Each structure stands twice: as C-alpha cells, then as structure tokens.
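Trainee: Got a structure for you, questions after.
Numbering (the working numbering), first residue to last: 92 to 319.
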C-alpha cells in the first residue's frame, strides 16, 4: 500500500514531525490488501511498537492517545465534539478556538499543533466526503459522521490558516426531557401535545443560526422550513 493511499495528511505536515511520522507508519503497517482501519487497540499497539523500535523519539509514547484521536475521532477537537453542552465550534486559527455553550462564543484552551495540523484535520474530514479545498476552490462544507456540519474556509478567502466552523447536532430530545431541563413548563408541553394531536398549524420561529425544526413532531406531520 503506497504512502498516498494510507496517509490522510498533506505532505508538508508529515515530512519532519515525529507526530505525523508515527501516524503514517502505523497506518502503513496493515496487510496491504485493505484500507480498512483495524480496531483502535491494535493501532495503539502498532504505535507503541514503532516508538519502542526507535522510529520516533521515546517521548512520543505519551502522544499515542492524541495520535489515536487523529485517526479515529476529531483530533484536538475530540473533547469539544464529545461535550454535550457545546452547540458550535469555531476555529479561527491553530491556537484560536471558540465554542458556544449557550452563552455566545467563548475561547477554549484547545489548540492544533500548527497551521499544517489544522489543514490536515480539514483535509481528512473533507476527503472522507470526496471534497477538498485549495486556492481555486477555497470553500467547502460537509456532513460529518455524527451529523454535525463542517464549514471550511481556506486562503485566499481566509487570512493565514484554514478556518473552520462546526455546527453540532444533538440527539433528539423527548418533550419530557425538555420539561425536566426547565426550557418549557409542563403546561406548555401539554399545550403542544394537544396542538400536535389536533393537527393544528404551528409556527416555530427563532433567530438566525438557531435550530427550528421540531424534532419531537410525529413522522406523519408535514413540516415547512422557511429561512430568511
């Protein structure tokens, strides 16, 4: 299996950095007949073997969990993507990451290793959907595996590094859960049940960027989304 078939990262990010050398080498240790990833435990064992063999410095043993996140999850953004209270993630550069936990965008102490690392993350995610970004086509958006929406802006539209925004989609919430969270009262919930059961027309309105699709509506109802 050739390097271009196994590596998900751009050449400029993998030449000298032991972090990327370890990831590429572990990916290349397959049987050469399939591009399918092995179980994560096996991949971590491969990386431990490569560190022990001296391919990369010994301190890279501490980076194996981060390398696994690069391959199987969301790299440095993994804890943010796993957090249930985050709805939006904005990456303005490798060391400028903002999140929205319902109180607007606030800085988060998470960073990419470099601008190349950030580009590698974007290239990997876009590549899984057959998309790419470059100077001729600097804008792209794709749905990620969990349903989250990824927007990528690259130079010359962005200044300096690639910039990202991710709109996370939470799992559908039951009406009872919404009441328990205090978002609406039990009386309002009963009103909605009766309105839906009576097949009343309901308008769900909200500001730009807010999800307005009523996920708790029965599958037989007709929903019309108007975005201005």
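Think of the CB as a built atom: it goes at the ideal place given N, C-alpha and C, for glycine as much as any other residue. Predicted model only: the values in this text are computed from it and were never measured.
Distance check for residue 145 and residue 175, CA to CA, integer angstroms please.
Mentor: In the chain shown, counting from the first residue as 1, residue 175 sits at position 84. In the chain shown, counting from the first residue as 1, residue 145 sits at position 54. Straight-line Cα distance between these residues: approximately 39 Å.
Trainee: Note down, one range per segment and in chain order, each alpha helix (DSSP H) of at least 4 residues found wholly within the stretch 107-187.
Mentor: If we require 4 residues or more, the alpha helix (DSSP H) runs fully inside the stretch 107-187 come out as 109-118, 131-143, 155-163, 169-173.
Trainee: Quick one, are the C-beta atoms of residue 110 and residue 158 less than 9 Å apart?
Mentor: Against the chain shown, residue 110 aligns to sequence position 19. Against the chain shown, residue 158 aligns to sequence position 67. Closer than 9 Å, so yes.
Trainee: Is it true that the CB of residue 168 sits closer than 9 Å to the CB of residue 188?
Mentor: Taking the chain shown and counting its residues from 1, one reaches residue 188 at position 97. Taking the chain shown and counting its residues from 1, one reaches residue 168 at position 77. A contact, by the Cβ cut-off of 9 Å.
Trainee: With which residues is residue 276 paired in a DSSP beta bridge?
Mentor: Here residue 276 refers to the residue found at position 185 of the chain shown. Answer is none; residue 276 lacks a bridge partner.
Trainee: Could you tell me whether the stretch 223-235 touches the stretch 271-285, using the rule of 3 or more Cβ pairs below 8 Å?
Mentor: Not touching, per the Cβ criterion.
Trainee: Reducing DSSP to helix, strand and coil, say where residue 227 ends up.
Mentor: Counting from 1 along the chain shown, the entry for residue 227 is found at position 136. It is coil, neither helix nor strand.
Trainee: Which residue from 240, 280, 195, 312 puts its Cα closest to that of residue 291?
Mentor: Locating residue 291 in the chain shown gives position 200, counting from the first residue. It is 312 whose Cα lies nearest to the Cα of residue 291.
Trainee: When burial is assigned at 16 or more other CB atoms within 10 Å of the CB, is residue 147 buried or exposed?
Mentor: The residue given as residue 147 occupies position 56 in the chain shown. Burial call: buried.
Trainee: Using DSSP with H/G/I as helix, E/B as strand and the rest coil, what is residue 207?
Mentor: Walking along the chain shown from the start, residue 207 turns up at place 116. DSSP places residue 207 in helix when its eight states are reduced to three.
Trainee: Checking the sheet assignment: what are the DSSP bridge partners for residue 189?
Mentor: Translated into the one-based positions of the chain shown, residue 189 becomes position 98. Partner(s): 181, 198.
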